[in-house]
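Q: Protein sequence lines, in the order shown, are assigned to chains L and A. So the first sequence is numbered by my numbering: it starts at 51 and just counts up by one. So the second sequence is numbered by my numbering: it starts at 51 and just counts up by one.
Number of protein chains: 2
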Amino acid sequence: MATPEGQARNEEVFRTAASLMVQRGYAGTSMGDLAKAVGMTKAGLYHHINSKQDMLFQILHHAMEGLEREVIEPVKGISDPEERLREMIRLHVRGLFAHGLEFALLFPERRHLEPAQQKVIYQMVEDYLDQIRHALRELADEGKFQDLDINVTASHILQTIAGIARWYKEDKGVTEDHLVEQTVNFNLSAILKQ
Amino acid sequence: MATPEGQARNEEVFRTAASLMVQRGYAGTSMGDLAKAVGMTKAGLYHHINSKQDMLFQILHHAMEGLEREVIEPVKGISDPEERLREMIRLHVRGLFAHGLEFALLFPERRHLEPAQQKVIYQMVEDYLDQIRHALRELADEGKFQDLDINVTASHILQTIAGIARWYKEDKGVTEDHLVEQTVNFNLSAILKQ
Chain L
51 MATPEGQARN
61 EEVFRTAASL
71 MVQRGYAGTS
81 MGDLAKAVGM
91 TKAGLYHHIN
101 SKQDMLFQIL
111 HHAMEGLERE
121 VIEPVKGISD
131 PEERLREMIR
141 LHVRGLFAHG
151 LEFALLFPER
161 RHLEPAQQKV
171 IYQMVEDYLD
181 QIRHALRELA
191 DEGKFQDLDI
201 NVTASHILQT
211 IAGIARWYKE
221 DKGVTEDHLV
231 EQTVNFNLSA
241 ILKQ
Chain A
51 MATPEGQARN
61 EEVFRTAASL
71 MVQRGYAGTS
81 MGDLAKAVGM
91 TKAGLYHHIN
101 SKQDMLFQIL
111 HHAMEGLERE
121 VIEPVKGISD
131 PEERLREMIR
141 LHVRGLFAHG
151 LEFALLFPER
161 RHLEPAQQKV
171 IYQMVEDYLD
181 QIRHALRELA
191 DEGKFQDLDI
201 NVTASHILQT
211 IAGIARWYKE
221 DKGVTEDHLV
231 EQTVNFNLSA
241 ILKQ
């Protein structure tokens, strides 16, 4: 399903499945539940997905591909590391809201994957972190980086972004624009020498 | 069980139960599994805990009480807000390691609690965040706080701390002392005018 319509349908199926798995927990969700939620027969779902575990893997893989396509790719042309990092954080927070917080909330369930699948997802997260670390290293070379550990700092930055999914409530009156701005400013303030 | 021995036994039971729930997921863990893991009969466990849901509630309540006792209480005498915040972050990261990362990892499962139980835990987390917000407000009054939203900033700080449980791996060679220092420095750098 590589057509735009197919991709949109995939996104819809993955989002619904992610939402159900977050709500009930991985162990509490069956292939029957998933099929019903996405409006397929169980046989129809098995045509696309081999197992519940495969579904979890496909969803997390899809989410990481989304970050690659919508965060990493668009900033490749930005040579200034400070501006690149600002834009990465901005696009990542935007992506959380555009695709649904359930994708971020589902990541802890990756412990239920097969070791080989866990390795694939782990490597995709590491590749993403590498982009952050690379920008931090460039800032350090320019003498603009605070005296902080680059590896730990990259993880802290990622936690402030993905962590939004864990505390954000629609009814609290915090707008997406405000959160984008605040998350960029908090992290840039942390890492830049002033 | 209010004796020190009773408390230590509670901590041990809660930690083992938390660990199992994190590993298998709330839905994938039965009262029988929990009883076996903590070395009790099912009947023996039911003597202390009414249900799996009650166990989850007791664990999260215990974890929040720990923060109250080991982070909030000890810093009450520190009048300087910057020093108080440094010490809060330091003690919180220390507590993660002292009591086990499984407690932090279990918090997303609070969605499986009854609404009334969720409200209790939510309020305990809010009370904790209030202490961070209070220190940030004092810093702002002293003209030392960056131009950031206090509420969003408090959540970001908490995510960098609790988030450690999500990415920390023992085999990566990052020591606890280093993490404590880096987490304090990252957050203080974010919030302080320099």
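We treat Cβ as the ideally placed atom computed from N, Cα and C, and that holds for glycine. Keep in mind the model is a prediction, meaning the values are calculated, not measured.
Are the C-beta atoms of Y76 (chain A) and some chain L residue less than 9 Å apart?
A: yes
Q: Is there a Cβ from chain L that is less than 9 Å from the Cβ of A87 (chain A)?
A: no
Q: Going by Cα to Cα distance, which pick from A:G82, A:L84, A:Q103 and A:L110 is closest to Y172 (chain A)?
A: A:L110
Q: On the CB-based measure, 16 or more other CB atoms within 10 Å of its CB, does P131 (chain L) come out buried or exposed?
A: buried
Q: Scan the stretch 201–215 of chain A for residues whose Cβ lies nearer than 7 Å to a Cβ of chain L and list them as they occur along the chain.
A: When CB distances to chain L are screened at a threshold of 7 Å, the residues of the stretch 201–215 of chain A falling below it are V202, T203, S205, H206, Q209, T210 and G213, in chain order.
Q: Closest to N60 (chain A) by C-alpha separation, out of A:A77, A:Q209, A:A93 and A:I99, would be which residue?
A: A:I99
Q: Helix, strand or coil for L198 (chain A) per DSSP?
A: coil
Q: Answer yes or no: do A77 (chain L) and R74 (chain A) have a C-beta to C-beta separation smaller than 9 Å?
A: Between A77 (chain L) and R74 (chain A), the C-beta spacing is below 9 Å.
Q: If we ignore side chains and look at the alpha-carbon of each, how far apart do G223 (chain A) and L179 (chain L) end up?
A: 17 Å
Q: Whole-angstrom Cβ separation of F236 (chain A) and T203 (chain L), contact assumed at under 8 Å?
A: 6 Å
Q: So P165 (chain L) is in the alpha helix (DSSP H); what residue range does that whole segment cover?
A: P165 to D191
Q: Based on DSSP bridge pairs, tell me the residues matched to L242 (chain A).
A: A:F195
Q: DSSP three-state call for I109 (chain L): helix, strand or coil?
A: helix
Q: I want to verify the contact list: residues of chain L whose CB lies under 8 Å from the CB of F147 (chain A), in sequence order.
A: By Cβ distance, chain L contributes nothing, its closest Cβ being about 15 Å from F147 (chain A), past 8 Å.
Q: Is the CB of L151 (chain L) under 9 Å away from at least one CB in chain A?
A: no
Q: In three-state DSSP terms, what is S205 (chain L)?
A: Looking at S205 (chain L) - three-state DSSP - the assignment turns out to be helix.
Q: Output, in sequence order along the chain, the residues in the stretch 172–202 of chain A whose CB is closer than 7 Å to any CB in chain L.
A: Q196, L198, D199 and V202
Q: Within 10 angstroms of the Cβ of T210 (chain L), are there 16 or more other Cβ atoms? Answer buried if so, exposed if not.
A: Buried, by the Cβ-count rule.
Q: Which residues mark the beginning and the end of the alpha helix (DSSP H) in which N60 (chain L) is found?
A: Where N60 (chain L) is concerned, the enclosing alpha helix (DSSP H) stretches over P54 to R74.
Q: For D83 (chain A), which residues in the same chain have their Cβ closer than 8 Å to its Cβ, ignoring the five residues on either side in sequence?
A: Within the same chain, D83 (chain A) has close Cβ partners L70 and R74.
Q: Would E61 (chain L) count as contacting chain A if we go by Cβ distances under 9 Å?
A: no
Q: Whole angstroms are fine: how far does the CA of P158 (chain L) sit from the CA of W217 (chain L)?
A: 15 Å
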